[in-house]
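> According to the numbering used here, the sequence shown holds residues 34 to 380 in order.
Don't be surprised by glycine CBs; every beta carbon is placed ideally from N, CA and C.
Before anything else, here's the structure in question.
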Amino acid sequence: MKVARYYSNSDIRIDDIEKPNIKSGELLVKIKKSGICGSDILEYYRHAKMKKLGVDNLILGHEIAGDIVDVGSGVKGFKVGDRVFVSHHVPCFECHFCQQGHHTACDLLHNTNFDPGGFAEYVRIPEINIQKRGVISLDPSVSYEEGVFIEPLGGVCRAQRLTNVKKGLTVLILGSGVSGILHLQLAKLRGAEKIFATDLNEFRLQKAKEFGADAIFHATDNIPAKVRENNNGQLADIVIVCTGALPAAKQALECVSPGGKIIFFAVPEPGVMLGVPINDYWRNEITIMTSYGAAPEDLDESYTWILAGKINTTDLITHKFPLEKIQDAFKVVCDAKESLKVIIDLE
């Protein structure tokens, strides 16, 4: 089968390897669609993993949907022909972190994966991923492309559950890429009173406006002043950081209201330090939070929104490429000009 081997953002090679053999308790899935995530192009992140594993390349891809083509003995609830979304990692539900609700801090979640990766024609789903609610059967009304969004939207659901986005609150989204616009859509569904979005890219700003942002601001503007101007003199109740750019992280600290929350959905590179005016935050009861990945309950919520037709994923897809053209696809994502979600089509 064909796979894409990632050496760097500018060096991705198509290779032929043996199709995975499954054991009892496992599934084999023929991938139909696979999304490129913003984390796929974080070279520092990928090279750190290569170093840890002692390899010079990775087969990436973790936003997938496809068909079950083989079922190992003992598997219950799934059969050949089922259309599915598969999560690449799952929590144990038993450790201290899982028991406290921090499923994405679970050691098992950080060490599970499917084989070999989503930028491949077939993927083997380990027994643990099946047992720990990592496979979701897709309703016939849900397309493979919509299925690809279950994972990224799941992360968005988690972040907004942690921050308790709700009716009457003002939400500021820093960064209007795919995750930013998913946050925008979900915040509207959760009843946020006002939603503002920023970006450096005019194409993405206009997309945020099309998706319902109450106001859009260029990232080089005086964002705190813009928020006050459009929010009756008040700053934002919740600030969601959807870009790893350090200036955005600094803006977040200046844009949150007393009693408000900042959640880092994306972060700068390791080693980058962010100074926090802790005395002011102490006096004003401002909370700084982080959100990483998605747990099964978040994926279930994500699927529910998609199944109900409440989240527009179709208009987030700007480009589609066959696996053989994945290098071109990565260039589009890295350039981040007139693009949002880029899909690898394996049908």
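1. Assuming contact is defined by CB atoms lying nearer than 8 angstroms, are K199 and G224 in contact in what I supplied?
2. When DSSP labels each residue in this structure, what does S212 get in the three-state scheme?
3. Start and end of the alpha helix (DSSP H) containing D140?
4. Looking at C-beta atoms only, is the number of pairs between the segment 221 to 238 and the segment 297 to 313 that lie closer than 8 angstroms three or more?
5. Which same chain residues, not among the five before or five after G151, have their C-beta less than 6 angstroms away from its C-beta?
6. Please name the residue or residues paired with A37 in a DSSP beta bridge.
7. Tell me whether the beta-carbon of F111 lies closer than 8 angstroms to the beta-carbon of L60.
8. What three-state label does DSSP hand Y155 in the structure shown?
9. Along the alpha helix (DSSP H) that carries S335, what are the first and last residues, could you check?
10. Let me check you understand the geometry: is the CB of H143 closer than 7 angstroms to at least one non-hydrogen atom of the ligand HEM?
11. Just the C-alpha distance for A269 and A282, rounded to the nearest angstrom, thanks.
12. So the alpha helix (DSSP H) F363 belongs to, where does it begin and stop?
13. Given a threshold of 16 other Cβ atoms within 10 Å of its Cβ, counted over all protein chains shown, does K294 qualify as buried or as exposed?
14. For S67, which three-state DSSP category applies?
15. In this structure, does DSSP put V175 in helix, strand or coil?
16. Excluding sequence positions up to five away, which residues of its chain have a Cβ less than 8 angstroms from the Cβ of G245?
17. Using 10 angstroms around the beta-carbon of A43, count the other beta-carbons present and answer buried if the total reaches 16, otherwise exposed.
18. Kindly list the residues whose CB is nearer than 6 angstroms to the CB of G167, restricted to its own chain and excluding five residues on each side of it in sequence; keep chain order.
19. With 16 other CB atoms within 10 Å as the buried threshold, where does A362 fall?
20. Figure out for me which residue from T347, P355 and T323 has the closest Cα to the Cα of A138.
21. Please report the residue range of the alpha helix (DSSP H) in which D313 lies.
22. I need the straight-line Cα distance from I183 to P159, nearest angstrom please.
23. For H352, tell me which candidate among S176, V375, C70 and D333 has the shortest Cα-Cα distance.
24. Would you list the one or two residues that DSSP bridges to A230?
25. What first and last residue would you give for the beta strand (DSSP E) that runs through V102?
26. Would D348 and C190 qualify as a contact pair, given that the criterion is a beta-carbon distance under 8 angstroms?
Reading off the structure:
1. yes
2. In the structure shown, S212 sits in a helix (DSSP, three-state: H, G or I).
3. D140 to N144
4. no
5. S67, G94, H95 and I97
6. I47
7. yes
8. strand
9. P329 to L340
10. In terms of ligand content, the structure shown is empty, and the ligand HEM therefore cannot be addressed.
11. 14 angstroms
12. I359 to D368
13. buried
14. strand
15. Coil.
16. L217, Q218, K221 and I228
17. This sequence places Ser at residue 43; Ala is not what is there. Label assigned to S43: exposed.
18. Answer for G167: S120 and V123, listed in chain order.
19. buried
20. T323
21. I311 to N317
22. 19 angstroms
23. V375
24. I206 and I249
25. E96 to V104 is the span of the beta strand (DSSP E), which, as asked, contains V102.
26. no
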